[in-house]
Amino acid sequence: DTGVSQDPRHKITKRGQNVTFRCDPISEHNRLYWYRQTLGQGPEFLTYFQNEAQLEKSRLLSDRFSAERPKGSFSTLEIQRTEQGDSAMYLCASSLVLRRGLSLRSGNTIYFGEGSWLTVV
Amino acid sequence: QQQVKQSPQSLIVQKGGISIINCAYENTAFDYFPWYQQFPGKGPALLIAIRPDVSEKKEGRFTISFNKSAKQFSLHIMDSQPGDSATYFCAASARRGKLIFGQGTELSVKP
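Taken in sequence, the protein lines are chains A and B. Take any residue in the first sequence, count from 1 to its spot, add 1: that is its number in the numbering used here. Take any residue in the second sequence, count from 1 to its spot, add 28: that is its number in the numbering used here.
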């Protein structure tokens with residue numbers, strides 16, 4: 002399967018600890034997104050990368066959160082000094098966005114991974 | 029203006045019936061409207077998507093109806109099956125940017 006891969010799938014951590022999630026996008030996808038989803042809610046946008054450049058960050062992304070995408074391939078999302086309110090599923094997604102002037106029949110199809118569940122105790 | 033409002037929050041339909049989920053948006057810059065299906069413990073999976081230059085798109089039992097003037101779009105699931113029981117999210121994006129999701133609809137199809 003060459004879909005979006007996330008690791009770990011589940012993480013239980015004590016409040017105050019740091020955690021890091023990894024995302025491997027679909028091969029050749031140049032755009033990578035991070036979302037957060039809590040029970041009973043839709044995914045909320047956190048940040049996204051175009052290749053290695055972080056183009057947008059949500060106000061939800063506090064100073065304790067940092068995301069990187071070195072070399073424009075895999076990405077990591079780190080949460081420092083975790084709080085109970087950080088408990089959620091962290092979703093990674095990727096898409097292929099062509100240069101302006103070219104079109105892609107499938108449009109802006111964004112593919113999601115299975116998510117990484119974080120529980121802060 | 030960035031919100032996408034979805035209703036109903038939950039829906040119970042008999043097997044073989046039609047499931048209808050509605051969404052509304054305010055941002056006229058939105059130009060891509062996908063629907064995602066999510067099963068418990070899984071990530072969202074793209075079901076069907078539409079662009080505002082068409083009023084309807086059908087793929088199998090799933091149809092999106094789009095009303096640009098009303099800024100509304102809906103998902104119709106024909107001949108609903110118990111296997112369709114899941115949470116459905118509408119979403120919208122502008123200029124190939126990030127997706128803004130609705131709050132979700134938990135669909136339960138009773139046998």
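We treat Cβ as the ideally placed atom computed from N, Cα and C, and that holds for glycine. Owing to the predicted nature of the structure, the values given are computational and were not obtained by experimental measurement.
For the region 73-93 of chain A, the set of positions with a beta-carbon nearer than 7 Å to some beta-carbon of chain B reads L92 in chain order. In the structure shown, the three-state DSSP call for D112 of chain B is helix. With its beta carbon at least 8 Å from every one in chain A, R89 of chain B lies outside the interface. Within chain A, the residues placing a beta-carbon under 9 Å from that of L74 of chain B are T110, I111, Y112, F113, ordered along the chain. Put simply, of B:L127, B:Q30, B:V32, B:G45 the residue whose alpha carbon is nearest the alpha carbon of L135 of chain B is B:G45. The shortest C-alpha to C-alpha distance from S117 of chain A to any of A:E29, A:L47, A:N52, A:T21 is the one to A:T21. CA-to-CA, the gap between T115 of chain B and E84 of chain B works out to about 22 Å. Excluding its 5 nearest sequence neighbours in each direction, K58 of chain A has C-beta neighbours in its own chain below 7 Å: T48, listed in chain order. With its beta carbon less than 8 Å from one in chain B, E57 of chain A belongs to the interface.
At least one beta carbon of chain A lies nearer than 8 Å to the beta carbon of Q131 of chain B. Counting only Cβ-Cβ distances below 8 Å, P44 of chain A has contacts in chain B at P72, F117, L127, F129, in chain order.
The DSSP-derived three-state label of K72 of chain A is helix. The beta carbon of V121 of chain A does not come within 8 Å of any beta carbon belonging to chain B, so the residue lies off that interface. When DSSP reads this structure, H104 of chain B sits in a beta bridge with B:I48, B:T91. Rounded to whole angstroms, the Cβ separation of I49 of chain B and F61 of chain B is 12 Å, and the two are not in contact under 8 Å.
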